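All remarks here apply to the structure that follows.
Here is the structure:
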(Lines of atoms letter the chains of each structure in order from A and count residues from 1; the text may use other names and numbers.)
(Lines give C-alpha, C1' and ligand atoms only; values in the text may rest on other atoms or scores of the structure.)
Protein backbone atom coordinates (compact mmCIF):
# COMPACT_ATOMS: atom_id res chain seq x y z
CA UNK A 1 0.00 0.00 0.00
CA UNK A 2 2.06 2.77 -1.15
CA UNK A 3 -0.60 3.54 -0.22
CA UNK A 4 -17.79 17.14 -9.98
CA UNK A 5 -17.84 20.46 -10.69
CA UNK A 6 -20.03 23.06 -8.93
CA UNK A 7 -20.96 24.99 -12.06
CA UNK A 8 -21.73 28.26 -10.35
CA UNK A 9 -18.45 28.18 -8.46
CA UNK A 10 -16.56 27.29 -11.60
CA UNK A 11 -18.08 30.14 -13.59
CA UNK A 12 -17.18 32.54 -10.79
CA UNK A 13 -13.61 31.26 -10.79
CA UNK A 14 -13.38 31.60 -14.54
CA UNK A 15 -14.70 35.12 -14.44
CA UNK A 16 -12.08 36.02 -11.87
CA UNK A 17 -9.32 34.67 -14.11
CA UNK A 18 -10.66 36.25 -17.26
CA UNK A 19 -11.66 32.95 -18.88
CA UNK A 20 -15.17 32.57 -20.19
CA UNK A 21 -17.25 29.65 -18.97
CA UNK A 22 -18.00 28.59 -22.52
CA UNK A 23 -14.29 28.49 -23.35
CA UNK A 24 -13.43 26.53 -20.22
CA UNK A 25 -16.23 23.99 -20.57
CA UNK A 26 -15.35 23.53 -24.23
CA UNK A 27 -11.77 22.79 -23.19
CA UNK A 28 -12.95 20.10 -20.81
CA UNK A 29 -14.86 18.22 -23.51
CA UNK A 30 -12.89 18.84 -26.70
CA UNK A 31 -10.23 16.57 -28.18
CA UNK A 32 -6.86 17.03 -26.51
CA UNK A 33 -4.64 17.42 -29.56
CA UNK A 34 -1.35 19.14 -28.91
CA UNK A 35 0.67 18.10 -31.91
CA UNK A 36 3.96 18.20 -30.03
CA UNK A 37 3.12 16.53 -26.74
CA UNK A 38 -0.21 14.77 -26.71
CA UNK A 39 -2.27 12.35 -28.70
CA UNK A 40 -5.83 13.18 -29.74
CA UNK A 41 -8.58 12.14 -27.36
CA UNK A 42 -11.72 11.33 -29.26
CA UNK A 43 -14.15 10.70 -26.41
CA UNK A 44 -14.64 11.28 -22.71
CA UNK A 45 -13.40 7.74 -22.10
CA UNK A 46 -9.93 8.53 -23.46
CA UNK A 47 -7.04 9.59 -21.26
CA UNK A 48 -6.65 13.37 -21.50
CA UNK A 49 -3.21 14.74 -22.30
CA UNK A 50 -1.60 11.38 -23.07
CA UNK A 51 1.93 12.16 -24.33
CA UNK A 52 2.57 11.29 -27.95
CA UNK A 53 4.80 8.26 -28.35
CA UNK A 54 4.67 7.20 -24.71
CA UNK A 55 4.75 3.60 -23.55
CA UNK A 56 1.74 1.59 -24.78
CA UNK A 57 1.25 -2.15 -24.55
CA UNK A 58 0.28 -4.14 -27.60
CA UNK A 59 -3.29 -3.84 -26.26
CA UNK A 60 -2.81 -0.04 -26.12
CA UNK A 61 -2.67 0.21 -22.34
CA UNK A 62 -0.65 3.25 -21.26
CA UNK A 63 2.14 2.52 -18.77
CA UNK A 64 3.80 4.58 -16.08
CA UNK A 65 5.85 4.39 -12.91
CA UNK A 66 5.94 5.35 -9.27
CA UNK A 67 9.75 5.33 -9.01
CA UNK A 68 11.40 4.44 -5.70
CA UNK A 69 12.13 7.78 -4.06
CA UNK A 70 14.35 6.06 -1.49
CA UNK A 71 16.77 4.95 -4.22
CA UNK A 72 18.37 7.72 -6.27
CA UNK A 73 19.20 5.23 -9.03
CA UNK A 74 15.50 4.71 -9.75
CA UNK A 75 13.95 7.56 -11.70
CA UNK A 76 11.74 8.16 -14.70
CA UNK A 77 14.88 8.92 -16.68
CA UNK A 78 16.65 5.70 -15.68
CA UNK A 79 13.55 3.58 -16.31
CA UNK A 80 13.00 5.21 -19.69
CA UNK A 81 16.63 4.53 -20.54
CA UNK A 82 16.50 0.89 -19.45
CA UNK A 83 13.37 0.16 -21.48
CA UNK A 84 14.13 2.52 -24.37
CA UNK A 85 10.55 3.74 -23.96
CA UNK A 86 9.06 6.88 -22.43
CA UNK A 87 6.70 6.49 -19.51
CA UNK A 88 3.19 7.86 -19.91
CA UNK A 89 2.77 8.57 -16.17
CA UNK A 90 5.05 9.73 -13.36
CA UNK A 91 3.53 9.15 -9.93
CA UNK A 92 4.81 10.45 -6.61
CA UNK A 93 3.62 11.50 -3.16
CA UNK A 94 3.07 14.77 -1.31
CA UNK A 95 1.81 15.34 2.23
CA UNK A 96 -0.49 18.04 3.53
CA UNK A 97 0.90 18.38 7.04
CA UNK A 98 -1.09 21.43 8.12
CA UNK A 99 -3.35 24.15 6.77
CA UNK A 100 -0.44 25.75 4.90
CA UNK A 101 0.54 23.68 1.85
CA UNK A 102 2.94 24.57 -0.95
CA UNK A 103 3.71 21.17 -2.47
CA UNK A 104 7.45 21.78 -2.22
CA UNK A 105 8.01 18.08 -1.49
CA UNK A 106 6.91 17.24 -5.04
CA UNK A 107 6.78 20.28 -7.33
CA UNK A 108 10.55 20.24 -7.88
CA UNK A 109 10.09 16.92 -9.67
CA UNK A 110 8.46 18.63 -12.65
CA UNK A 111 11.91 18.84 -14.22
CA UNK A 112 12.28 15.05 -13.88
CA UNK A 113 9.04 14.10 -15.65
CA UNK A 114 10.49 13.81 -19.16
CA UNK A 115 7.11 14.80 -20.57
CA UNK A 116 5.08 12.22 -18.64
CA UNK A 117 1.71 13.00 -17.09
CA UNK A 118 2.30 13.98 -13.46
CA UNK A 119 0.22 11.97 -10.99
CA UNK A 120 0.72 13.63 -7.58
CA UNK A 121 -0.80 11.70 -4.69
CA UNK A 122 -1.65 14.57 -2.35
CA UNK A 123 -2.20 13.06 1.09
CA UNK A 124 -4.07 14.98 3.83
CA UNK A 125 -2.16 13.40 6.71
CA UNK A 126 -2.13 16.49 8.93
CA UNK A 127 -5.59 17.96 8.38
CA UNK A 128 -9.16 16.78 8.84
CA UNK A 129 -11.56 16.77 5.90
CA UNK A 130 -13.24 19.89 7.28
CA UNK A 131 -9.89 21.68 7.11
CA UNK A 132 -9.58 21.10 3.37
CA UNK A 133 -11.31 24.41 2.79
CA UNK A 134 -11.60 26.38 -0.42
CA UNK A 135 -8.49 28.26 0.70
CA UNK A 136 -6.42 25.13 1.22
CA UNK A 137 -7.76 23.75 -2.06
CA UNK A 138 -6.49 26.87 -3.78
CA UNK A 139 -3.03 26.23 -2.31
CA UNK A 140 -3.17 22.71 -3.75
CA UNK A 141 -4.12 24.18 -7.10
CA UNK A 142 -1.18 26.57 -7.00
CA UNK A 143 1.13 23.61 -6.44
CA UNK A 144 -0.42 21.77 -9.40
CA UNK A 145 0.23 24.81 -11.58
CA UNK A 146 3.95 24.26 -10.99
CA UNK A 147 3.45 21.29 -13.32
CA UNK A 148 0.88 22.64 -15.76
CA UNK A 149 2.84 25.87 -16.24
CA UNK A 150 5.65 23.70 -17.58
CA UNK A 151 3.33 22.04 -20.08
CA UNK A 152 2.69 18.89 -18.05
CA UNK A 153 -0.75 17.35 -17.66
CA UNK A 154 -1.72 16.59 -14.05
CA UNK A 155 -3.89 13.75 -12.78
CA UNK A 156 -4.44 14.90 -9.19
CA UNK A 157 -4.79 11.83 -6.98
CA UNK A 158 -6.14 13.60 -3.92
CA UNK A 159 -6.49 11.50 -0.74
CA UNK A 160 -5.74 8.26 -2.55
CA UNK A 161 -6.73 5.01 -0.83
CA UNK A 162 -9.06 7.03 1.36
CA UNK A 163 -10.98 3.87 2.27
CA UNK A 164 -7.83 2.52 3.91
CA UNK A 165 -5.87 5.52 5.18
CA UNK A 166 -8.97 6.83 6.95
CA UNK A 167 -9.70 3.47 8.57
CA UNK A 168 -7.98 2.94 11.93
CA UNK A 169 -5.16 0.43 11.73
CA UNK A 170 -5.22 0.00 7.96
CA UNK A 171 -2.24 2.15 6.96
CA UNK A 172 0.17 4.72 8.29
CA UNK A 173 0.12 7.68 8.42
CA UNK A 174 -3.64 7.78 8.81
CA UNK A 175 -5.88 10.46 7.36
CA UNK A 176 -7.13 12.21 10.53
CA UNK A 177 -10.43 13.08 8.86
CA UNK A 178 -11.44 9.48 9.43
CA UNK A 179 -14.59 7.93 8.06
CA UNK A 180 -16.49 11.19 7.84
CA UNK A 181 -17.91 10.53 4.39
CA UNK A 182 -19.76 13.83 4.03
CA UNK A 183 -16.65 15.70 5.13
CA UNK A 184 -14.54 13.81 2.60
CA UNK A 185 -16.94 14.58 -0.21
CA UNK A 186 -16.93 18.30 0.54
CA UNK A 187 -13.14 18.32 0.75
CA UNK A 188 -12.98 16.54 -2.61
CA UNK A 189 -15.41 19.02 -4.18
CA UNK A 190 -13.33 21.95 -2.92
CA UNK A 191 -10.21 20.50 -4.54
CA UNK A 192 -12.05 19.47 -7.71
CA UNK A 193 -13.47 22.96 -8.21
CA UNK A 194 -9.96 24.39 -8.18
CA UNK A 195 -8.44 21.63 -10.32
CA UNK A 196 -11.10 22.06 -12.96
CA UNK A 197 -10.29 25.76 -13.22
CA UNK A 198 -6.72 24.87 -14.24
CA UNK A 199 -6.06 23.87 -17.84
CA UNK A 200 -4.53 20.41 -17.85
CA UNK A 201 -5.56 19.38 -14.31
CA UNK A 202 -7.82 16.34 -13.84
CA UNK A 203 -9.16 14.64 -10.72
CA UNK A 204 -8.26 10.97 -10.25
CA UNK A 205 -10.33 9.06 -7.68
CA UNK A 206 -8.14 6.19 -6.50
CA UNK A 207 -9.41 4.01 -3.63
CA UNK A 208 -7.82 0.80 -2.45
CA UNK A 209 -9.32 -2.44 -3.77
CA UNK A 210 -10.97 -3.44 -0.51
CA UNK A 211 -14.34 -3.19 1.21
CA UNK A 212 -16.12 -2.84 -2.12
CA UNK A 213 -19.50 -3.31 -0.46
CA UNK A 214 -19.08 0.00 1.40
CA UNK A 215 -16.89 1.84 -1.10
CA UNK A 216 -19.85 3.86 -2.37
CA UNK A 217 -19.57 5.93 0.82
CA UNK A 218 -16.37 7.39 -0.63
CA UNK A 219 -17.69 8.12 -4.13
CA UNK A 220 -17.77 11.92 -4.52
CA UNK A 221 -20.03 11.97 -7.59
CA UNK A 222 -19.30 11.49 -11.27
CA UNK A 223 -19.32 15.22 -11.96
CA UNK A 224 -16.30 15.60 -9.67
CA UNK A 225 -14.20 12.77 -11.10
CA UNK A 226 -12.31 12.75 -14.40
CA UNK A 227 -10.45 9.44 -14.11
CA UNK A 228 -11.34 6.40 -12.01
CA UNK A 229 -8.44 4.43 -10.59
CA UNK A 230 -7.86 1.71 -8.05
CA UNK A 231 -4.79 0.64 -6.08
CA UNK A 232 -4.14 -3.07 -5.75
CA UNK A 233 -1.21 -5.36 -4.98
CA UNK A 234 -1.87 -9.09 -5.44
CA UNK A 235 -1.08 -10.84 -2.17
CA UNK A 236 -0.26 -14.25 -3.64
CA UNK A 237 0.54 -16.04 -6.86
CA UNK A 238 -2.97 -17.49 -6.88
CA UNK A 239 -4.33 -13.94 -6.93
CA UNK A 240 -2.03 -13.19 -9.87
CA UNK A 241 -3.45 -16.23 -11.62
CA UNK A 242 -6.95 -14.79 -11.27
CA UNK A 243 -5.83 -12.24 -13.84
CA UNK A 244 -7.35 -8.88 -14.68
CA UNK A 245 -10.93 -10.09 -14.81
CA UNK A 246 -10.78 -12.01 -11.57
CA UNK A 247 -9.36 -9.07 -9.67
CA UNK A 248 -11.14 -6.07 -11.17
CA UNK A 249 -14.45 -7.15 -12.67
CA UNK A 250 -16.56 -6.12 -9.67
CA UNK A 251 -14.85 -2.76 -9.29
CA UNK A 252 -15.14 -2.07 -13.03
CA UNK A 253 -18.81 -3.05 -13.09
CA UNK A 254 -19.72 -0.84 -10.12
CA UNK A 255 -17.42 2.20 -10.42
CA UNK A 256 -16.19 2.45 -14.00
CA UNK A 257 -18.78 1.22 -16.48
CA UNK A 258 -21.77 3.19 -15.08
CA UNK A 259 -19.92 6.51 -15.42
CA UNK A 260 -18.00 6.07 -18.67
CA UNK A 261 -14.76 7.38 -17.14
CA UNK A 262 -11.32 6.16 -18.22
CA UNK A 263 -9.98 3.55 -15.81
CA UNK A 264 -6.37 3.28 -14.62
CA UNK A 265 -4.58 1.13 -12.08
CA UNK A 266 -3.33 3.90 -9.81
CA UNK A 267 -0.80 1.63 -8.13
CA UNK A 268 -0.02 -2.00 -8.68
CA UNK A 269 2.92 -4.39 -8.35
CA UNK A 270 3.74 -7.93 -7.32
CA UNK A 271 6.89 -8.99 -5.53
CA UNK A 272 6.94 -12.73 -6.11
CA UNK A 273 8.34 -14.86 -8.91
CA UNK A 274 5.20 -14.20 -10.98
CA UNK A 275 5.81 -10.43 -11.15
CA UNK A 276 6.32 -10.47 -14.93
CA UNK A 277 3.15 -12.54 -15.31
CA UNK A 278 1.34 -9.75 -13.46
CA UNK A 279 2.81 -7.14 -15.80
CA UNK A 280 1.43 -9.15 -18.70
CA UNK A 281 -1.96 -9.55 -16.99
CA UNK A 282 -2.44 -5.80 -16.63
CA UNK A 283 -1.08 -4.87 -20.06
CA UNK A 284 -1.93 -7.63 -22.52
CA UNK A 285 -4.93 -9.61 -21.33
CA UNK A 286 -8.17 -9.75 -23.28
CA UNK A 287 -9.69 -6.40 -22.30
CA UNK A 288 -12.61 -6.57 -24.73
CA UNK A 289 -15.07 -6.62 -21.81
CA UNK A 290 -13.30 -3.63 -20.23
CA UNK A 291 -13.06 -0.99 -22.97
CA UNK A 292 -12.65 1.85 -20.46
CA UNK A 293 -9.44 0.35 -19.07
CA UNK A 294 -6.68 2.63 -20.33
CA UNK A 295 -3.56 2.54 -18.16
CA UNK A 296 -1.49 1.18 -15.29
CA UNK A 297 1.15 2.56 -12.94
CA UNK A 298 3.75 0.23 -11.45
CA UNK A 299 5.16 0.74 -7.95
CA UNK A 300 8.86 0.34 -8.79
CA UNK A 301 10.05 0.03 -5.19
CA UNK A 302 11.77 -2.47 -2.97
CA UNK A 303 9.42 -1.98 -0.06
CA UNK A 304 7.61 -4.74 1.81
CA UNK A 305 8.63 -6.87 -1.19
CA UNK A 306 10.94 -6.54 -4.17
CA UNK A 307 8.61 -4.97 -6.71
CA UNK A 308 11.38 -3.99 -9.11
CA UNK A 309 10.74 -5.19 -12.67
CA UNK A 310 13.27 -2.97 -14.49
CA UNK A 311 15.72 -1.56 -11.96
CA UNK A 312 18.45 -4.10 -11.20
CA UNK A 313 16.81 -6.58 -13.59
CA UNK A 314 18.74 -8.88 -15.88
CA UNK A 315 18.79 -8.37 -19.64
CA UNK A 316 16.45 -11.33 -20.07
CA UNK A 317 14.02 -9.94 -17.48
CA UNK A 318 13.98 -6.54 -19.15
CA UNK A 319 13.43 -8.28 -22.49
CA UNK A 320 10.47 -10.14 -20.98
CA UNK A 321 9.09 -6.88 -19.64
CA UNK A 322 9.63 -5.02 -22.91
CA UNK A 323 7.85 -7.76 -24.83
CA UNK A 324 4.55 -6.43 -23.50
CA UNK A 325 4.97 -3.07 -25.22
CA UNK A 326 4.81 -1.99 -28.82
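Residue numbers (UniProt numbering): 1 to 326.
Beta carbons are placed, not taken as given, at the ideal position from N, Cα and C, and that holds for glycine.
For clarity, every value in this text was computed on a predicted model and none was experimentally measured.
Check, Outcome
"Short Cβ contact (7 Å threshold) for residue 337 with residue 233", "There is no way to answer for residue 337, as the model of the chain reaches only from 1 to 326."
"Neighbourhood of residue 109 by C-beta, 7 Å cutoff - its chain only, sequence neighbours within 5 removed", "92"
"Classification of residue 143 by the beta-carbon crowding that lies within 10 angstroms, buried from 16 upward", "buried"
"Stretch pair the segment 212-220 + the segment 265-274: three plus CB contacts closer than 8 Å", "no"
"Contacting residues, own chain, Cβ-Cβ under 7 Å from residue 322 (five flanking each side not counted)", "83"
"The segment 123-130 / the segment 57-76 touching (three or more Cβ pairs under 8 Å)", "no"
"Nearest-angstrom Cα separation, counted from residue 60 out to residue 327", "The question about residue 327 has no answer here: the residues shown for the chain are numbered 1 through 326."
"C-beta atoms of residue 259 and residue 222 nearer than 7 Å", "yes"
"CA nearest to the CA of residue 326, picked from 52, 85 and 157", "85"
"First and last residue of the uninterrupted alpha helix (DSSP H) at residue 165", "162-165"
"Cβ distance (whole Å) where residue 89 is taken to contact residue 117 below 8 Å", "5 Å"
"Neighbour-count burial assignment, residue 307, 16 or more Cβ in a 10 Å radius", "buried"
"Which of helix, strand or coil DSSP assigns to residue 117", "strand"
"Straight-line gap, residue 320 to residue 197 (C-alpha atoms, nearest Å)", "42 Å"
"Option nearest residue 294 by Cα separation, candidates 115, 318, 262 and 137", "262"
"Between the CA atoms of residue 151 and residue 318 - distance to the nearest angstrom", "31 Å"
"Range of the contiguous alpha helix (DSSP H) that encloses residue 79", "76-83"
"Residue 209, DSSP secondary structure in three states", "coil"
"Every unbroken alpha helix (DSSP H) within the segment 231-310, with a cutoff of 4 residues, ordered by chain", "237-241, 243-251 and 275-284"
"Short Cβ contact (7 Å threshold) for residue 123 with residue 156", "no"
"Helix, strand or coil at residue 34 [DSSP, three-state]", "Confidence at residue 34 is low in this model, with a pLDDT of 31, below 50, so its placement is unreliable and no value can be given for it."
"For residue 243, the nearest candidate out of 208, 281 and 267 (CA to CA)", "281"
"Cβ neighbour criterion (16 or more within 10 Å) applied to residue 48", "buried"
"Selection from 96, 95 and 56 that minimises the alpha carbon distance to residue 80", "56"
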